[in-house]
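Colleague: Before I ask anything, here is the structure I am working with.
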Amino acid sequence: MLCRRQGTMEGDFTGKETYHLNFDPKGYFNMYKNFGLGISPGNDERLRFILEHLHKTFAHGGIRGDTLIDIGSGPSIYQLLSACESFKEIIASDLVEKNREEMQKWLRKDPKAFNWTPMVKYVCQIEGNRERWMEKEEKLRRTIKQVLPCDMNLANPFNPLVVPPADCVLSTYCLEVASKDLHTYRSGIRKIGSLVKSGGHLVLVMALGGTYYMVGPHKFSCIYLTPEMVKEAIKEARFDTVHFDILNFNMPMTYANGQNVGFLVAQKHQEA
Ligand SMILES: C[S@@+](CC[C@H](N)C(=O)[O-])C[C@H]1O[C@@H](n2cnc3c(N)ncnc32)[C@H](O)[C@@H]1O
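So, in structure tokens, the structure goes:
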């Protein structure tokens, strides 16, 4: 019990082989469908919290620039809908080829791609003009310049490519699932922190207090995180926390056992 609360036990950790084998983008999309995406993402408190925070961060938080890197994008694009208005270029990335291919399907308007339009309309509504959704879809398609293979547990996550530091690194629900324990999580924060330019920003959406999530019938591990553990890791990586908001939200146990969702914005120390 103690081990569980401190983090997923090493033996339970979902390694990359299992991700390649069992992470099914279609199973992952079912979660969004079941959470009301078909009706309106605004009906889902968790999505509303994330999308509104992303909007505030990129539209009003002064976080803008040339390049944003998204680590562990999965097959998803929702997390980039506000960012594409504030960055000239987005680099998306994921460990699993099927996820990258699913994103490419949406980028090239493949009829079999997941329908993100209700999510896009909802973000346009938050931004003040629901009618602009087609324009936003095109803007995001133009702004995502690359979808790269990435393993954030490698010394260089984009090996063999070397990606120059960006104005902002974003990551939603990835670090806590890609880390086998708190030590790896802290080194993961340092690693993705090194992809941020001096004075640039790190934006993280995370599950707090959870140990697993489900994709279809398959269980994936997650390390048990508290806000204090996250703040400590951020500080150690030479970032200042700009804000850290928490939504108390118990996921249905059939999907995950996280107790809260965290939204964090941190700024990297200026190098002398
Ligand atoms: C819970 S999903 C989140 C996906 C997406 N960011 C979202 O918010 O919907 C976790 C993602 O992390 C990716 N992932 C797991 N281990 C990783 C690693 N070591 N490096 C990069 N991505 C990883 C998985 O392939 C998966 O797409």
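Using our numbering, the first residue of the sequence shown is number 1187, and each one after it goes up by one.
No residue lacks a Cβ here, since even glycine has one placed at the ideal position from N, Cα and C.
In this text, all values refer to a predicted model and were calculated from it rather than measured experimentally.
Cutting at 8 Å between CB atoms, please list the residues of its own chain near C1408, excluding the five before and the five after it.
Modeller: Here residue 1408 refers to the residue found at position 222 when the sequence shown is read from its first residue. Correct list, in chain order: T1194, E1362, V1363, A1393, G1396, T1397, Y1398, Y1399, A1442 and G1444.
Colleague: Less than 8 Å separating the beta-carbons of P1351 and K1383?
Modeller: Counting from one through the sequence shown, the residue named residue 1351 turns up at place 165. Counting from one through the sequence shown, the residue named residue 1383 turns up at place 197. Less than 8 Å separates the beta-carbon of P1351 from that of K1383.
Colleague: Kindly examine ligand 1 and report whether one of its heavy atoms sits closer than 7 Å to the Cβ of D1280.
Modeller: The sequence position of residue 1280 within the sequence shown is 94, counting from 1. Yes; taking the cut-off as 7 Å, the Cβ of D1280 has a heavy atom of ligand 1 nearer than that.
Colleague: How do the segment 1234 to 1248 and the segment 1284 to 1302 stand: do at least 3 beta-carbon pairs fall below 8 Å, yes or no?
Modeller: no
Colleague: List, from N- to C-terminal side, the alpha helix (DSSP H) runs of 4 residues or more that fit wholly inside the segment 1395 to 1439.
Modeller: Within the segment 1395 to 1439, the complete alpha helix (DSSP H) runs of at least 4 residues are 1413 to 1422.
Colleague: Helix, strand or coil for D1198, going by three-state DSSP, please let me know.
Modeller: Position 12 of the sequence shown, counted from the first residue, corresponds to residue 1198. D1198 falls in the helix class under three-state DSSP.
Colleague: Relative to the C-alpha of L1388, which residue among K1331, K1291, F1435 and D1426 is closest?
Modeller: Position 202 of the sequence shown holds residue 1388. Considering only alpha carbons, the answer is D1426.
Colleague: How would you label G1490, buried or exposed, when you count the other beta carbons within 10 angstroms and need 16 or more for buried?
Modeller: Because the chain is modelled from 1187 through 1458, residue 1490 falls outside the range shown and cannot be assessed.
Colleague: Please state whether the Cβ-Cβ distance between C1354 and G1374 is less than 8 Å.
Modeller: Here residue 1354 corresponds to residue number 168 of the sequence shown, with the count starting at 1. Here residue 1374 corresponds to residue number 188 of the sequence shown, with the count starting at 1. Their beta carbons are not under 8 Å apart, which means C1354 does not touch G1374 by this criterion.
Colleague: Just confirm the distance between the C-beta atoms of V1447 and I1249, as a whole number of angstroms; I'd bet it's less than 8 Å.
Modeller: Translated into the one-based positions of the sequence shown, residue 1447 becomes position 261. Translated into the one-based positions of the sequence shown, residue 1249 becomes position 63. About 19 Å; that fails the 8 Å criterion.
Colleague: Along the chain, where does the beta strand (DSSP E) that runs through L1356 open and close?
Modeller: Within the sequence shown, the letter at position 170 stands for residue 1356. L1356 -> beta strand (DSSP E) spans A1352 to T1358.
Colleague: Name, in chain order, the residues that DSSP records as bridge partners for K1242.
Modeller: On the sequence shown, position 56 is the one that residue 1242 refers to. None, per the DSSP bridge assignment.
Colleague: Secondary structure at K1212, three-state DSSP: helix, strand or coil?
Modeller: Against the sequence shown, residue 1212 aligns to sequence position 26. Here K1212 sits in helix by DSSP.
Colleague: Which whole-angstrom value is the C-beta distance of Y1214 and P1261, which I expect to be below 8 Å?
Modeller: Here the question's residue 1214 lines up with position 28 in the sequence shown. Here the question's residue 1261 lines up with position 75 in the sequence shown. Confirmed, Cβ separation roughly 6 Å.
Colleague: Count the other CB atoms within 10 Å of the CB of H1241; is the residue buried (16 or more) or exposed (fewer)?
Modeller: Within the sequence shown, numbered from 1, the residue matching residue 1241 stands at position 55. With 16 or more Cβ atoms within 10 Å of its Cβ, H1241 is classed as buried.
Colleague: Exposed or buried, what is L1340 when buried is set at 16 or more other beta-carbons lying within 10 Å of its beta-carbon?
Modeller: What you label residue 1340 is simply residue 154 of the sequence shown in a count that begins at 1. Result: exposed.
Colleague: Rounded to whole angstroms, what is the Cα-Cα separation between Q1290 and K1212?
Modeller: Translated into positions along the sequence shown, residue 1290 becomes position 104. Translated into positions along the sequence shown, residue 1212 becomes position 26. Their backbone Cα atoms lie some 14 Å apart in a straight line.
Colleague: Skipping 5 residues on each side, what residues in its chain have a beta carbon closer than 7 Å to that of S1268?
Modeller: Numbered from 1 along the sequence shown, position 82 holds the residue referred to as residue 1268. Result list for S1268: L1240, H1241, F1244, A1245 and V1309, in chain order.
Colleague: For the alpha helix (DSSP H) holding P1335, just list the boundary residues, first then last.
Modeller: Here residue 1335 corresponds to residue number 149 of the sequence shown, with the count starting at 1. From DSSP, P1335 is part of no alpha helix (DSSP H) but of the beta strand (DSSP E) over I1330 to P1335.
Colleague: Are the Cβ atoms of L1326 and I1263 separated by less than 8 Å?
Modeller: Your numbering for residue 1326 matches position 140 in the sequence shown. Your numbering for residue 1263 matches position 77 in the sequence shown. Yes, Cβ-Cβ distance for L1326 and I1263 is below 8 Å.
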